[in-house]
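First residue of the sequence shown: 28, per this note's numbering; consecutive thereafter. For glycine and all other residues, C-beta sits at the position ideal for the given N, C-alpha and C. Model, not experiment: these values are computed from the prediction. A short write-up of the structure that comes next.
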Amino acid sequence: MTSVSTRFLGQPKLTNPTFNAKRPGDRSRCSSSIASVLAKTDLPGAGLRRSCRMEEPAGVEAAEAKVRAILNLKRWVEAVRERILWAAAFLWRTLLVRTTFVAITGSVGKTTAKDCLAAILEQLGPTVKTLRSNNGGPFIARTILAARPRHRFVVLEVGIDQPGHMLRHALLVRPDVVIELAVASPHLSTMGSLEKIAEEKAQLLRFLRPGGVAVLNGDDARVAAMAQRVRGRVVWFGTSREFDVWADGVTAVWPARLSFRAHAGEECAEVTTEFVGRQWLGAVLAALAAGRLLGAALTQASRALQAVRPYTARMEPAVLPNGVIFLRDEAHGNLTDTEAAFEVLREASAKRRVVVISDVANSGRHYRQRQRMLAQWAAASAEVAVFVSEGSDYAARAAVRAGMPAENVHHFVTPQQAAEFLRAELRAGDLVLLKGQTKDHMSRIYFAQLGEVDCWRVNCGRRHVCDACPLLGLRPRIEPAAASGPIASPAARGGPSLAAQTSLERAEPARWPGG
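Take a look at the structure:
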């Protein structure tokens, strides 16, 4: 029984390739490192080792073996737990025969589409949705296990990180409705090409249940090509009159939020949202199309969208008490999102446009090529540029060459240095685009404008924004003020106010295992 269970659970081969106590070279390097540390300390007996070569410490091989065994056991337990969770969710999904499962995938816009669709479907019946943006395997399983027979809908955000992930997710979800949003640059580094990303995303369509419907973005050529894989019905959305749900009259120039006219057959509705930028149009249209498919009238669905707020640090407006407006977009730093954010800044109406940026991920470009590209975008979109990275001086020089005045270009190595500069530099009426990779934790620059921040780690390792991180240690110097006047959104005029610390109050740590 033990061997059968072990094979079923897929016990991984656990090794530690970085250190081997049986190799004399590794033992000598370990001994030398320990000797070097002791030589720099004032510990009792340290001086005895300073003038002589340190011998191999007794038991180093046994200690290393114990540490390796503990780490291996931890990984094995996590692997077993994930497989048990998957099996339980698979069985529970099979039993939820009266619940409609909607799976949303795509390179960009999944979380926004998920929140929009859930808001629409909640008007029709009890609905469960993916928590935050947790779209990897264990989180998909937990969302399914959170559903009960009384729930009419389950809205799942499905992401991938490596080839083969979607097949496992699709087998677990077996959706009634699949929404394919877009194929773009995120995960190029792991998937290899846009064609391979499209192929992986399309795997979800193979597991549509009988009578299921695919909701496809007709404006994306790679998504449109997936229609030939669908055995059932296809519902199209986009900007062409030929689609089932389409939009015209799109406006999204800051300080205005995204708004448009939505059409579906004989129905027409004015849609006003809280989202900043035209890039969210596809996600909102997808939610409208799926909501209408599942029983919501177009006007009913459009009203539900007015209450949906931007997700934390994804083109999320935040107003400081001194009148500075931040567009927080530091949660994802992929090329597609970054280009869209610069487009919003370029078109925006503001006294002074400022961009604060570190780097971009999954671009397929060398570091200097990326920095040169960001510098050119900054020169075309902003009056002031602040580059934050170890090689930021190169980006600053490139921005000057692109035509930006040298006195308006600044570069810093760490976010802490940039935050201190911005505290003195920013003034009322500034519109600041805060952009960077998740791992750079640029959120701290924003929070440092509100108060003192404890954590300025260079290499954090955490894969979520800083809003609810216990290490942030924000001690406010001032109370945040609600947005008002020309920057107030439609919801701010008749709904929740937009405050500088809104995201800190409502956000929880969010991880992005897939896209």
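Would you grab the beta carbon distance between residue i and residue j for me? Rounded to a whole angstrom, and I think it's under 8 Å.
i, j, result
"Arg120", "Ile171", "5 Å"
"Arg305", "Ala279", "4 Å"
"Ala145", "Lys137", "About 12 Å; that fails the 8 Å criterion."
"Ala402", "Ala425", "4 Å"
"Pro153", "His192", "That belief does not hold up - the Cβ atoms of Pro153 and His192 are roughly 29 Å apart, past 8 Å."
"Ala331", "Ile147", "5 Å"
"Met431", "Ala412", "6 Å"
"Phe234", "Arg256", "Not a contact, Cβ separation roughly 11 Å."
"Pro337", "Glu301", "6 Å"
"Asp364", "Val185", "Rounded, the Cβ-Cβ distance is 19 Å, inconsistent with contact."
Let me make sure I understand the geometry here. Which of the options has the alpha-carbon closest to that of residue i?
i, options, result
"Ser376", "Ser385, Arg260, Glu410, Arg424", "Glu410"
"Leu11", "Asn361, Val381, Gln333", "Residue numbering for the chain in the displayed model covers 28 to 542; residue 11 lies beyond these limits and cannot be assessed."
"Gln189", "Pro176, Tyr421, Ile224, Phe117", "Ile224"
"Phe117", "Leu499, Arg341, Glu88, Leu198", "Leu198"
"Gly575", "Val440, Ala317, Ala455", "Since the first residue shown for the chain is 28 and the last is 542, residue 575 is missing from the structure and cannot be characterised."
"Ala251", "Lys228, Ala345, Pro213, Val387", "Lys228"
"Gln150", "Phe448, Pro348, Ala334", "Ala334"
"Ala495", "Gly259, Ala317, Arg159, Gly463", "Arg159"
"Ala317", "Val261, Gln230, Leu285, Glu366", "Val261"
"Gly347", "Glu366, Val129, Arg504, Asp142", "At residue 347 the sequence reads Leu, which differs from the Gly that was named. Nearest option by C-alpha distance: Arg504."
"Ser416", "Arg392, Val427, Gln443", "Gln443"
"Ala475", "Asp142, Lys462, Arg502", "Arg502"
Pick helix, strand or coil for residue i, following the three-state DSSP scheme.
i, result
"Asp457", "strand"
"Gly521", "For Gly521, the predicted structure reports a pLDDT of 38, less than 50, and the residue's modelled location is therefore unreliable. The matter cannot be settled from this model."
"Leu477", "coil"
"Phe234", "helix"
"Asp142", "helix"
"Leu208", "coil"
"Asn361", "strand"
"Leu501", "coil"
"Leu112", "helix"
"Trp263", "strand"
"Ile187", "coil"
"Ser385", "coil"
"Arg428", "helix"
"Asp275", "strand"
"Arg379", "strand"
"Ala334", "coil"
"Arg195", "helix"
"Asn244", "strand"
"Glu294", "strand"
"Ser286", "strand"
"Phe166", "helix"
"Phe128", "strand"
"Arg258", "coil"
"Leu354", "strand"
"Thr465", "helix"
"Val200", "helix"
If we call anything under 8 Å between Cβ atoms a contact, is residue i one with residue j?
i, j, result
"Ala310", "Ala140", "yes"
"Leu208", "Asn244", "yes"
"Ile167", "Leu183", "yes"
"Leu499", "Leu372", "no"
"Arg610", "Ala328", "Within the shown structure, residues of the chain are numbered from 28 to 542, placing residue 610 beyond reach of any answer."
"Val492", "Ala368", "no"
"Phe287", "Leu308", "yes"
"His196", "Gly164", "yes"
"Val298", "Ala289", "yes"
"Asp203", "Arg175", "no"
"Asp246", "Ile352", "no"
"Ser212", "Leu362", "yes"
"Gly292", "Gly259", "no"
"Ser385", "Gln464", "yes"
"Leu194", "Thr132", "no"
Taking the beta carbon of residue i as the centre, do at least 16 other beta carbons fall within 10 Å, making it buried, or is it exposed?
i, result
"Ala451", "exposed"
"Ser267", "exposed"
"Ser216", "exposed"
"Ser389", "For clarity, residue 389 is Asn in the given sequence; the question names Ser instead. Result: buried."
"Asn486", "exposed"
"Thr481", "Residue 481 is actually Asp in this sequence, not Thr. When all chains shown are included, Asp481 counts as exposed."
"Leu122", "exposed"
"Ile472", "buried"
"Ala433", "exposed"
"Gly360", "buried"
"Val277", "exposed"
"Phe414", "buried"
"Pro513", "Residue placement at Pro513 cannot be trusted, given a pLDDT of 42 that sits under 50; what the coordinates show is reported in the next sentence. It counts as exposed."
"Arg397", "buried"
"Glu269", "exposed"
"Glu105", "exposed"
Heavy atom of the ligand FAD less than 7 Å from the Cβ of residue i, yes or no?
i, result
"Val185", "Ligands are entirely absent from the displayed structure, and the ligand FAD is therefore not among its contents."
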